[in-house]
Every structure is written in structure tokens, then in C-alpha cells.
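Residue numbers (this note's numbering): 1 to 338.
Where is the CB? At the ideal position from N, CA and C, for every residue including glycine.
Fair warning: this is a prediction, and the values are worked out from it, not measured in the lab.
Heads up: the structure comes next, in C-alpha cells.
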Amino acid sequence: MAQSTLLLLHVNPSSSCPSIFRHSQFPKLSPKPAKSFSVPHSLTARKQRFSSRMDRLHPPNALQGVVSEAIGLLQSPDPTWQSALLNNLLIFVLGSPILVTGLSFPGISAAFLLGTLTWRAFGPSGFLLVASYFVIGTGVTKVKMAQKEAQGVAEKRKGRRGPGSVIGSSAAACVCALMSIYGIGGVEFAQLWQLGFVASFCTKLNDTVSSEIGKAYGKTTYLVTTFKVVPRGTEGAVSLEGTLAGFLASIVLASIGCLMGQINGAEALICVVASQIANFGESIIGAVFQEKEGYQWVRNSDHFIISLIPTCCSALIVRRDCRNTPIFICSPLLVCAA
Numbered sequence: 001m002a003q004s005t006l007l008l009l010h011v012n013p014s015s016s017c018p019s020i021f022r023h024s025q026f027p028k029l030s031p032k033p034a035k036s037f038s039v040p041h042s043l044t045a046r047k048q049r050f051s052s053r054m055d056r057l058h059p060p061n062a063l064q065g066v067v068s069e070a071i072g073l074l075q076s077p078d079p080t081w082q083s084a085l086l087n088n089l090l091i092f093v094l095g096s097p098i099l100v101t102g103l104s105f106p107g108i109s110a111a112f113l114l115g116t117l118t119w120r121a122f123g124p125s126g127f128l129l130v131a132s133y134f135v136i137g138t139g140v141t142k143v144k145m146a147q148k149e150a151q152g153v154a155e156k157r158k159g160r161r162g163p164g165s166v167i168g169s170s171a172a173a174c175v176c177a178l179m180s181i182y183g184i185g186g187v188e189f190a191q192l193w194q195l196g197f198v199a200s201f202c203t204k205l206n207d208t209v210s211s212e213i214g215k216a217y218g219k220t221t222y223l224v225t226t227f228k229v230v231p232r233g234t235e236g237a238v239s240l241e242g243t244l245a246g247f248l249a250s251i252v253l254a255s256i257g258c259l260m261g262q263i264n265g266a267e268a269l270i271c272v273v274a275s276q277i278a279n280f281g282e283s284i285i286g287a288v289f290q291e292k293e294g295y296q297w298v299r300n301s302d303h304f305i306i307s308l309i310p311t312c313c314s315a316l317i318v319r320r321d322c323r324n325t326p327i328f329i330c331s332p333l334l335v336c337a338a
């Protein structure tokens, strides 16, 4: 029978674990302290120099300030010269593929000045009106371009307008914009300048569309002074197709001005009527003067005269809110300004 050894353990009644575990003779092990990694002084200094150099090249506070200021100008409800310049620059950069199809590079420069002036005077709504005029006018100029070139009645440079055309087309509009910016005539004249601005572009669009559509689709053209049948492209000639197209174009542009809040319905009607009167006036000028010796200056300046006509017509109409004001002074004022 195998012998067995009985090992008696002393158990403390008040404790649930044997005293051998409570009074352990094993030494307590303390955790080793973590080694600290020290960065060499040369590396720290190099990092500080790099950070300071990057701050000088791209100062974060200054960059954030410029971006915030630019966004504030883009969203500015009241047009200023700074916001006009910035918004116009942004739109011209984004719309450059369209601009180069309708304008020469000097023409784009002139249009940029016009756009900045328009935004400063009448805000985004005025700029949209000018943009609509440009898109419609450029589109109809390209209609049947090959046929027009074959007949010798097409615009030069494939219809790309130069600075002279831009300035001539916007002469009266620029006068009205400047008058509005500097508050000429006070509050009573503020809406009158805006009316003249819209009317001038309605007139020019009427003239452009009627001329280009008449060249492309006009079946019979008549000299406006004698109503004799003449070839297409003759100075002072009109056609039924071109006249109707120009009239509709002026209605479209006046409606855009009305929807944008620049003019009301009655003023839109004034713009359409004034543009039609001016269009016939341009045809009469072309038929009577432009082909005669000694009047070649009319060929180069007719757009200035044409663009003034609707503005003067609009100014001569007695408005209810200006009925006590001598409105007739607006007409010679605009003529002198041109």
C-alpha cells in the first residue's frame, strides 16, 4: 500500500484565500520605465526653419482673408467697382469659349469694360441683359454665313465684332450707366436711366437681327425711302422677314429686362416701340447719306447715332413720376455726351 503524505495548510477563517498566497515570499516586480526618445537638436531646428519658411510663402491667415473677401464681393448685394470687376472677370474667364466666337480680342477688351460698367450701374440683372443681347446677336450673325459670304454681305472676320462695334453699340447704354452711377437727376431720373439702358440694347438687337435675318432669308428687299426693290445688303434696304425678326427680338430682350425687374410692362412696350422707330431711322440714314460723297463719316459713326435715338425717345416720354420735371433736357444731354 502506497504511502501518502498529507500536507496541511493553515487557512485563515476570515479569508477566502490561503495565507500562502497572501504572504507570498516572491519579490514584487516593478515595471521598467519607458525609454524616452529624444529628437536631435539639429532635426528640430530644421523643422522649425521649414515651418517658418512655409508660413512666409503661404501665410494661412492672409490667404483665408483674401478668399473670404473675394467670396464676400461675389455675394455682395450692392454692386461696387470691386465686386463688378471681380464678377466680370470670373464670368469672362468661364465664358471665354463663347466670347471668342463673337468678338475679336480687342473687342473682348472693350466688352470687358462695358460689362464692368454695366455691373456697377445695374448689377447682375443689367449684366444678364447685355449677355442676352450678345448671345442672340452672335447667333443670328452666324446664320447662313457661307451664303452671306458668297453674296458679299457677310460681316467681316466671320462675324466677330471689333472694339468699334462694341463701343458704338453701347454708346447710349454707357451714358445711361454713368448717369445712374453718379446719380444725375436724383431719384426721379434713376428709373429713366435704366429705361434708356434697356431701350438702347433693344434697339441694337432689333437692328442686328433684322439685318442678319434679312440677308439670310429676305426674299424681297425694298429701299426704305422709295420702296424700290433693291439687292440684299443695300444700305437702307428692309425686308419683311428681317423687320419681323428684329421686332420679335426686341420683344424678347424687353421681356428679359421686365422679368429681371429692370423695367415694368409699360416701359417694356416703350422699349419695343422706340427700337422699331430707331431701326427705321437707321435705314433712312443709310439710304440718304451713307452712299453719297462727303458723308462717309456716317458709315463709321452711324451706330453712335442709332444707339442714341431710343434713349432720347424714351427720355422724351412723360413718365408719371417725372411729370413735373422738364424731361426734354435729357435728349440734348445725351447727344452732347456722345
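About 16 Å separates the beta carbons of Ala110 and Val175, which is beyond the 8 Å limit, so they are not a contact pair. Ser200 and Leu114 do not touch by the CB rule: their CB atoms are close to 12 Å apart, not below 8 Å. In the DSSP annotation of this structure, Tyr182 is not part of any alpha helix (DSSP H), being labelled neither H nor E. Val140 sits buried, since 16 or more C-beta atoms from the chains shown fall within 10 Å of its C-beta. A Cβ-Cβ distance of about 6 Å is found for the pair Thr243 and Ser210, placing them in contact under the 8 Å criterion.
Closest option to Gly159, judged by alpha-carbon separation, among Thr221, Val135 and Asn206: Val135. Sequence-distant Cβ neighbours of Ser239 in its own chain, meaning closer than 6 Å and more than five residues away, are Gly214, Gly218 and Thr221. Spatial neighbours of Pro163 in its own chain (CB-CB distance under 8 Å, excluding positions within 5 residues in sequence) are listed in chain order as Ser104, Pro106, Gly107, Ser109 and Ala110.
Rounded to the nearest whole angstrom, the C-alpha separation of Val224 and Leu90 is 44 Å. The beta-carbon distance between Asn206 and Gln276, rounded to whole angstroms, is 7 Å. This is short enough to meet the 8 Å contact definition.
Taking 4 residues as the shortest admissible run, the stretch 203 to 289 contains the following complete alpha helix (DSSP H) segments, listed from N- to C-terminal end: 240 to 259 and 265 to 285. DSSP places Pro124 in the uninterrupted alpha helix (DSSP H) bounded by Phe105 to Thr141.
The beta-carbon separation of Val130 and Thr116, rounded to 11 Å, does not stay under the 8 Å limit for a contact. Inclusion of Ala173 and Gly196 in the CB contact set at 9 Å is warranted, their separation being smaller than that value. Non-local beta-carbon contacts of Ser125 in its own chain, meaning distances under 7 Å to residues more than five positions away in sequence, involve Met260, Gly261 and Gln262 in chain order. Arg157 carries a helical assignment under DSSP once its states are collapsed to helix, strand and coil. DSSP places Gly102 inside the alpha helix (DSSP H), whose first and last residues are Ser96 to Gly102.
If the five residues before and after Gly257 are omitted, its C-beta is found closer than 6 Å to the C-beta atoms of Leu129, Val198 and Ile263, all from its own chain and listed in chain order. Around the beta carbon of Phe227, fewer than 16 other beta carbons sit within 10 angstroms, so the residue counts as exposed.
Under the three-state reduction of DSSP, Pro79 is assigned to coil, being neither helix nor strand. Looking only at Arg157, Ala216 and Tyr182, the smallest Cα-Cα distance to Lys148 is reached by Ala216.
Between Ile181 and Arg120, the C-beta spacing is below 9 Å. Counting along the chain, the unbroken alpha helix (DSSP H) around Lys148 starts and ends at Met145 to Gln151. About 7 Å separates the beta carbon of Ala177 from that of Phe122, a gap short enough to meet the 8 Å contact definition. Restricting attention to Ile270, Asn279 and Ala146, the CA atom closest to the CA of Ala245 is found in Asn279. Between Val272 and Glu212, the CB-CB gap reaches or exceeds 9 Å.
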